[in-house]
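Colleague: Count along the sequence shown starting at 1, add 84, and that's the number in the numbering used here.
Yeah, the Cβ is synthetic: ideal placement off N, Cα and C, and Gly gets one too.
Handing you a structure now.
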Amino acid sequence: MRYSIGLSTFLLAVVCTVAIGQEPFGKTKDGESVEIYTLKSSKGLVAKIMTRGATLVQLHVPDKDGNSADVINGFDSVTGYESEDNQYFGCTTGRVCNRIAKGKFTLDGKEHTLAINNEPNHLHGGSERSLDKVIWKARPFSNERGSGVRFSYTSPDGEEGYPGKLDVTVVFSVPKDANRLLISYRATTDKATPVNLTNHAYFNLAGAGSDTVLDHALRLNADKYTPTDDTLIPTGKIESVEGTPVDFRKATRIGKRIDSLTETAALGYDHNFVLNKPEGDAKLNFAASLFDRGSRRRLRISTTEPGIQFYSGNFLKGQKGKDGKIYAHRAALCLETQHFPDSVNQQEFPSTILKPGETYRSMTQYAFSVQPVKK
Ligand code: GAL
85 MRYSIGLSTF
95 LLAVVCTVAI
105 GQEPFGKTKD
115 GESVEIYTLK
125 SSKGLVAKIM
135 TRGATLVQLH
145 VPDKDGNSAD
155 VINGFDSVTG
165 YESEDNQYFG
175 CTTGRVCNRI
185 AKGKFTLDGK
195 EHTLAINNEP
205 NHLHGGSERS
215 LDKVIWKARP
225 FSNERGSGVR
235 FSYTSPDGEE
245 GYPGKLDVTV
255 VFSVPKDANR
265 LLISYRATTD
275 KATPVNLTNH
285 AYFNLAGAGS
295 DTVLDHALRL
305 NADKYTPTDD
315 TLIPTGKIES
325 VEGTPVDFRK
335 ATRIGKRIDS
345 LTETAALGYD
355 HNFVLNKPEG
365 DAKLNFAASL
375 FDRGSRRRLR
385 ISTTEPGIQF
395 YSGNFLKGQK
405 GKDGKIYAHR
415 AALCLETQHF
425 PDSVNQQEFP
435 STILKPGETY
445 RSMTQYAFSV
455 QPVKK
């Protein structure tokens with residue numbers, strides 16, 4: 085009896101282990117090896133994630149006819165990700181995603197200075213050693229519910245100007261029988277420090293490299309947003325979306341009102357929305373739904389975060405990506421679940437400060453489906 089349990093556990097472990105692909109993806113310019121892991125569901129979702137930047141490199145999902153397409157921007161090589169053409173494609177973004185005004189904040193009476201990598205502000209955790217640029221350790225796992233990869237990285241005290249040694253883990257997992265990708269973040273620190281992590285995938289549900297996303301319909305579970313100044317730093321106000329071009333409470337074609345924003349600093353949509361959710365609720369809450377009529381693919385995003393940045397790919401510049409596909413202006417969009425931008429300087433926003441002894445936790449789920457044509 086003992087023997088047979090041992091054997092079946094062993095066989096299960098073997099079956100599970102082979103379910104996660106692991107391959108070399110290349111080397112960084114400094115000669116570090118980068119690995120890529122493949123997660124699959126039985127319903128056709130395939131996700132590939134690499135150790136540089138704990139980055140989602142490919143995400144294939146079926147359309148109405150069962151044909152799969154890769155729905156996110158990216159590159160075929162590590163060199164592509166290291167190039168100027170990479171605008172944070174698919175990466176884990178931090179230590180603090182989005183902008184920090186003038187790259188400065190004061191914590192416990194001490195002023196901290198960060199890289200100004202998006203004049204005049206700090207963007208997405210810095211310029212040299214932000215979380216998207218470092219090599220993470222990876223540990224694949226699988227169980228009866230599905231499979232995943234746990235990425236971990238220890239950011240030393242002072243890296244990119246942030247105080248404290250930060251231990252970060254990001255787990256990507258895919259359930260066995262559903263087209264869902266779950267990303268779970270955790271972090272601990274030895275000094276008080278701001279933390280705000282997200283994934284920066286650029287989606288085009290018709291397949292990355294197809295036209296624009298202006299015909300996608302978007303619904304956001306947000307009655308309010310955080311207006312910004314000309315450098316995309318929040319003014320501190322929280323305003324209603326009612327009567328503005330950022331009202332996505334009902335599913336709306338992205339192209340419908342975008343022209344009224346082209347002349348603004350954002351050049352289109354680049355706004356943080358305040359998600360409607362019960363105070364203190366730690367569960368996944370519905371945040372956004374994105375739909376492409378041609379393929380009938382739908383993406384539904386749920387998160388534990390209080391905000392989501394909707395960025396309509398206004399700075400995409402026609403760079404060449406995977407399979408030679410061109411990523412034109414507004415050919416993909418980001419829906420970045422997060423705490424609000426510049427929270428470290430905004431007393432009224434939910435705090436992003438992590439203290440020693442606490443654990444930062446955040447979760448976001450991307451659920452894909454195909455919407456049948458209405459008869
Ligand atoms: C987004 C941000 C945009 C732009 C982009 C990277 O998260 O909202 O303003 O900086 O990243 O090109």
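1. Please report the distance separating the alpha-carbon of serine 92 from that of serine 226.
2. In the stretch 181 to 227, which residue ranges form an unbroken beta strand (DSSP E) of at least 3 residues, counting only runs that do not cross its ends?
3. Near tyrosine 353, which residues of its chain fall below 6 Å by C-beta distance, leaving aside the five closest residues on each side in sequence?
4. Look at the alpha carbon of aspartate 331 and the alpha carbon of alanine 199, and state the distance between them as a whole number of angstroms.
5. At a threshold of 7 Å, does leucine 417 count as lining the ligand GAL (C-beta to nearest heavy atom)?
6. Please report how far the alpha carbon of glycine 64 lies from the alpha carbon of threonine 122, in whole angstroms.
7. Would you kindly work out how many angstroms separate the C-alpha atoms of serine 463 and lysine 217, rounded to a whole number?
8. How big is the Cα-Cα spacing for arginine 381 and leucine 140?
9. State yes or no: is the C-beta of cysteine 418 within less than 8 Å of the C-beta of histidine 206?
10. Quick one: what's got a C-beta closer than 7 Å to threonine 319's C-beta in the same chain, skipping five residues either side?
11. Tell me the rounded alpha-carbon separation between threonine 296 and glutamine 403.
12. What span of residues does the alpha helix (DSSP H) with tyrosine 395 cover, start to end?
13. Determine the DSSP secondary structure at aspartate 251, reduced to helix, strand or coil.
14. If you follow the alpha helix (DSSP H) that tyrosine 165 is part of, which residue opens it and which one closes it?
15. If you check the beta carbons only, do threonine 282 and arginine 270 fall under 8 Å apart?
16. Less than 8 Å between the beta carbons of threonine 421 and serine 427, yes or no?
17. Are the stretch 151 to 167 and the stretch 261 to 277 in contact at 8 Å, needing three or more beta carbon pairs?
18. What three-state label does DSSP hand glutamate 420 in the structure shown?
19. Whole angstroms is fine: what's the gap from isoleucine 338's alpha carbon to alanine 262's?
20. Do glutamine 106 and proline 259 have their CB atoms nearer than 8 Å?
21. Could you tell me the alpha carbon to alpha carbon distance between methionine 134 and glutamine 142, rounded to whole angstroms?
22. Can you tell me the Cα-Cα spacing of serine 373 and isoleucine 385, whole angstroms?
23. Is isoleucine 317 helix, strand or coil when you go by DSSP?
Modeller: In terms of the structure at hand:
1. Numbered from 1 along the sequence shown, position 8 holds the residue referred to as residue 92. Numbered from 1 along the sequence shown, position 142 holds the residue referred to as residue 226. With a pLDDT of only 46 at serine 92, under 50, the local geometry of the prediction cannot be trusted, and the value read off the model is given with reservation. Taking the straight line from one Cα to the other gives about 15 Å.
2. 188 to 191, 194 to 197, 221 to 227
3. Working through the sequence shown from its first residue, we reach residue 353 at position 269. Hits under 6 Å: Phe394, Ser396.
4. Locating residue 331 in the sequence shown gives position 247, where the first residue counts as 1. Locating residue 199 in the sequence shown gives position 115, where the first residue counts as 1. Approximately 33 Å, taken between the alpha carbons.
5. Locating residue 417 in the sequence shown gives position 333, where the first residue counts as 1. Outside the cutoff, so no.
6. The requested residue 64 does not occur in the structure, where the chain is confined to residues 85 to 459.
7. What the structure shows of the chain is the stretch from 85 to 459, and residue 463 is not part of that stretch, so it cannot be assessed.
8. On the sequence shown, residue 381 is found 297 positions in, with the first residue counted as 1. On the sequence shown, residue 140 is found 56 positions in, with the first residue counted as 1. Near 19 Å, if we compare the C-alpha coordinates of leucine 140 and arginine 381.
9. Start at 1 with the first residue of the sequence shown, and residue 418 comes out as number 334. Start at 1 with the first residue of the sequence shown, and residue 206 comes out as number 122. Taking 8 Å as the Cβ cut-off, cysteine 418 and histidine 206 do not qualify as a contacting pair.
10. The residue given as residue 319 occupies position 235 in the sequence shown. Here the set comprises Pro311, Thr312, Asp313.
11. Here residue 296 is taken as the residue at index 212 of the sequence shown, counted from 1. Here residue 403 is taken as the residue at index 319 of the sequence shown, counted from 1. Each residue's alpha carbon lies about 14 Å from the other.
12. Indexing the sequence shown from 1 puts residue 395 at position 311. Element bounds for tyrosine 395: not the alpha helix (DSSP H) but the beta strand (DSSP E), 391 to 395.
13. Counting from one through the sequence shown, the residue named residue 251 turns up at place 167. Strand, per DSSP.
14. The residue labelled residue 165 in the question sits at position 81 within the sequence shown. Tyrosine 165 -> alpha helix (DSSP H) spans 162 to 166.
15. As a working mapping, residue 282 is identified with position 198 in the sequence shown. As a working mapping, residue 270 is identified with position 186 in the sequence shown. Cβ atoms of threonine 282 and arginine 270: not closer than 8 Å.
16. Sequence index remark: in the sequence shown, residue 421 carries index 337 (1-based). Sequence index remark: in the sequence shown, residue 427 carries index 343 (1-based). No, the Cβ-Cβ distance between threonine 421 and serine 427 is not below 8 Å.
17. no
18. To locate residue 420, count along the sequence shown from 1; it is residue 336. In this structure, glutamate 420 counts as strand in the three-state DSSP scheme.
19. If you number the sequence shown from 1, residue 338 lands on position 254. If you number the sequence shown from 1, residue 262 lands on position 178. Taking the straight line joining both Cα atoms gives about 28 Å.
20. For the purposes of this step, residue 106 is taken as the residue at position 22 of the sequence shown. For the purposes of this step, residue 259 is taken as the residue at position 175 of the sequence shown. No. Outside cutoff.
21. Counting from 1 along the sequence shown, the entry for residue 134 is found at position 50. Counting from 1 along the sequence shown, the entry for residue 142 is found at position 58. Answer to the nearest angstrom: the Cα atoms are 10 Å apart.
22. On the sequence shown, position 289 is the one that residue 373 refers to. On the sequence shown, position 301 is the one that residue 385 refers to. Cα-Cα distance, rounded: 6 Å.
23. Along the sequence shown, one-based indexing puts residue 317 at 233. The three-state reading of DSSP puts isoleucine 317 in coil, since its state is none of H, G, I, E or B.
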